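Student: Quick one: this structure, given as structure tokens, is what I'll be asking you about.
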Amino acid sequence: MISDEIKSRVLELKEQIRRHDEMYYVHDKPLISDAEYDRLFQELKTLEEKYPALITPDSPTQRVAGKVSEKFKTYEHKVPLLSLDSLFNQDEISNVLSRMEKELGHTFDYFAEPKLDGLTLSLVYHDGLLQTAATRGDGFKGEEVTLNARTIRSLPLKLKGDCPKILIVRGEVVLPVKGFEKLNIGLVERGEEPFANPRNAASGSLRQLDPSIVATRPLDYYVYDLLYCEGMSFETQKEIFAAFKQWGFKVSSLISVCHTMDDVTKYYHQIEEQRDVLDFEIDGIVIKLNN
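Residue numbers (my numbering): 256 to 546.
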């Protein structure tokens, strides 16, 4: 028999650790020292080892779990992960936006964000708990990499607050530039082949067959697209991104609502000016209707 006191303490530790993980890995604002965090984590791990019935899939101790896979299973996306149309100069952007406004009959605000250069990953949540993570593949079928995705500390295993019964989001797994440099130094020191760039490093890391290896890579996850949300609706992209943050996802701090085409142009030049000093590599910007 497990006492109510033990059950309550385990729940309390899980919530505390999730909160500290979010503040550290999502917001970059740690609330406690590494030693204090390790003490909380070890206490939870010890209690779970003593009372295995209290272990749940969303527990912070269960991020690295499962055996080495021989290969990844094919996953059929519930909602296709379609590709974006590419535009290569200012004239092309202006022509497309003008045509959109003409076809729609009036103007809209635009929602702009950097296009992160990593590996696209779709996440499926049921009742706030992570169920499946899959790569984009051809947009209709990808690889199921749930065990590996669980090791990414900025990726929530359990959503916060009022969340939909079923939620499907799309985001990007990236390897920050400093983490990439450190990873390559380690590979070279061990006589292994270094990665050519952060994008290849992110993709190669997430597609390791051993989750324990993935857990050693400093991967990050940014969400940017709402694919399906049961029982909840939103009017604008801005509202969607506010919901992402409320649920505990990490989103780019460089998103912007642009009211005119001139604002889009200014945003593009601002991002280009910052490109060489960003924490992660980008491949241009993404422009959406904020509606």
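We put the CB at the ideal spot given by N, CA and C, even for glycine.
Keep in mind that this is a model prediction, so the values were computed, not measured.
From this set, Glu427, Phe450, Arg425, which residue's C-alpha is nearest His437's C-alpha?
Tutor: Sequence check: residue 437 is Lys here, not His. Here the closest residue by C-alpha is Phe450.
Student: Go ahead and pull the three-state DSSP assignment for Lys420.
Tutor: Lys420: coil per DSSP, three-state reduction.
Student: What is the DSSP secondary structure of Val400, counted as helix, strand or coil?
Tutor: Looking at Val400 - three-state DSSP - the assignment turns out to be coil, as it is neither helix nor strand.
Student: CA-CA distance, Arg354 and Phe366?
Tutor: Arg354 and Phe366: Cα-Cα distance of roughly 17 Å.
Student: Let me check understanding here. Comparing Cα to Cα, which of Thr301, Ser377, Thr316, Arg408 lies closest to Met278?
Tutor: Minimum Cα distance to Met278 is reached at Arg408.
Student: Glu448 to Gly459, Cα distance in whole Å?
Tutor: Taking the straight line from one Cα to the other gives about 12 Å.
Student: Which complete beta strand (DSSP E) runs does the region 287–341 hold, if anything under 3 residues is left out?
Tutor: Listed in chain order, the complete beta strand (DSSP E) runs (minimum 3 residues) inside the region 287–341 are 328–331.
Student: Report buried or exposed for Ala498, applying the criterion of at least 16 other Cβ atoms within 10 angstroms of its Cβ.
Tutor: Label assigned to Ala498: buried.
Student: Just to confirm, is the Cβ distance from Pro315 to Phe296 under 8 Å?
Tutor: Yes; because the gap between Cβ atoms is below 8 Å, this pair is in contact.
Student: Since Ala457 and Val428 should fall inside the 8 Å C-beta cutoff, what is the C-beta to C-beta distance between them, to a whole number of angstroms?
Tutor: With a Cβ gap of about 5 Å, Ala457 and Val428 count as contacting.
Student: Tell me the rounded alpha-carbon separation between Arg530 and Val400.
Tutor: In a straight line, the C-alpha of Arg530 is about 30 Å away from that of Val400.
Student: For Gly383, count neighbouring Cβ atoms within 10 angstroms of its own Cβ and tell me buried if that reaches 16, exposed if not.
Tutor: So Gly383 ends up on the buried side.
Student: Closest to Val506 by CA distance: which of Val478, Lys415, Thr471 is it?
Tutor: Selected option, being the one with the closest Cα: Val478.
Student: Of all the options Ile540, Gly434, Thr375, Asp534, which has the alpha carbon lying nearest to the alpha carbon of Tyr522?
Tutor: Nearest option by C-alpha distance: Ile540.
Student: With a Cβ-Cβ cutoff of 8 Å, do Leu419 and Gly486 count as a contact?
Tutor: According to the sequence provided, residue 419 is Pro. The question's Leu does not apply to it. Closer than 8 Å, so yes.
Student: According to the neighbour-count rule (16 or more other Cβ atoms, all chains shown, within 10 Å of its Cβ), is Gln345 buried or exposed?
Tutor: Looking at its Cβ environment, which holds fewer than 16 other Cβ atoms inside 10 Å, Gln345 is exposed.
Student: In chain order, what residues of the same chain have a beta carbon less than 8 Å from the beta carbon of Leu337, not counting five sequence neighbours either side?
Tutor: Here the set comprises Gly394.
Student: CB Tyr306 to CB Ile257, shorter than 8 Å?
Tutor: Yes, they are a contact pair.
Student: Is DSSP giving Ile540 helix, strand or coil here?
Tutor: Three-state DSSP puts Ile540 in a strand.
Student: Which partner residues does Pro369 have in the DSSP bridge list?
Tutor: In DSSP, Pro369 forms a bridge with Ile540.
Student: Got a sec? Which residues, its chain only, sit under 7 Å from Thr362 by beta carbon, not counting five neighbours each side?
Tutor: Once the five neighbours on either side are set aside, the close Cβ partners of Thr362 are Glu356.
Student: Buried or exposed for Pro285, please, with buried defined as at least 16 other CB atoms from any protein chain shown within 10 angstroms of its CB.
Tutor: That one is exposed.
Student: For Glu444, which residues does DSSP report across the bridge?
Tutor: DSSP output for Glu444 lists no bridge partner at all.
Student: Let's test the definition: count the other Cβ atoms within 10 Å of the Cβ of Phe535 and tell me whether it reaches 16, buried, or not, exposed.
Tutor: Its Cβ being crowded by 16 or more others within 10 Å, Phe535 is buried.
Student: Within the region 489–527, note down every full alpha helix (DSSP H) run reaching 4 residues or more, in order along the chain.
Tutor: Within the region 489–527, the complete alpha helix (DSSP H) runs of at least 4 residues are 492–502.
Student: Measuring straight from C-alpha to C-alpha, what distance separates Lys262 and Lys269?
Tutor: If you take the alpha carbons of Lys262 and Lys269, they lie about 11 Å apart.
Student: Got a sec? Which residues, its chain only, sit under 8 Å from Pro431 by beta carbon, not counting five neighbours each side?
Tutor: Hits under 8 Å: Pro453, Pro473, Asp475, Asp534, Phe535.
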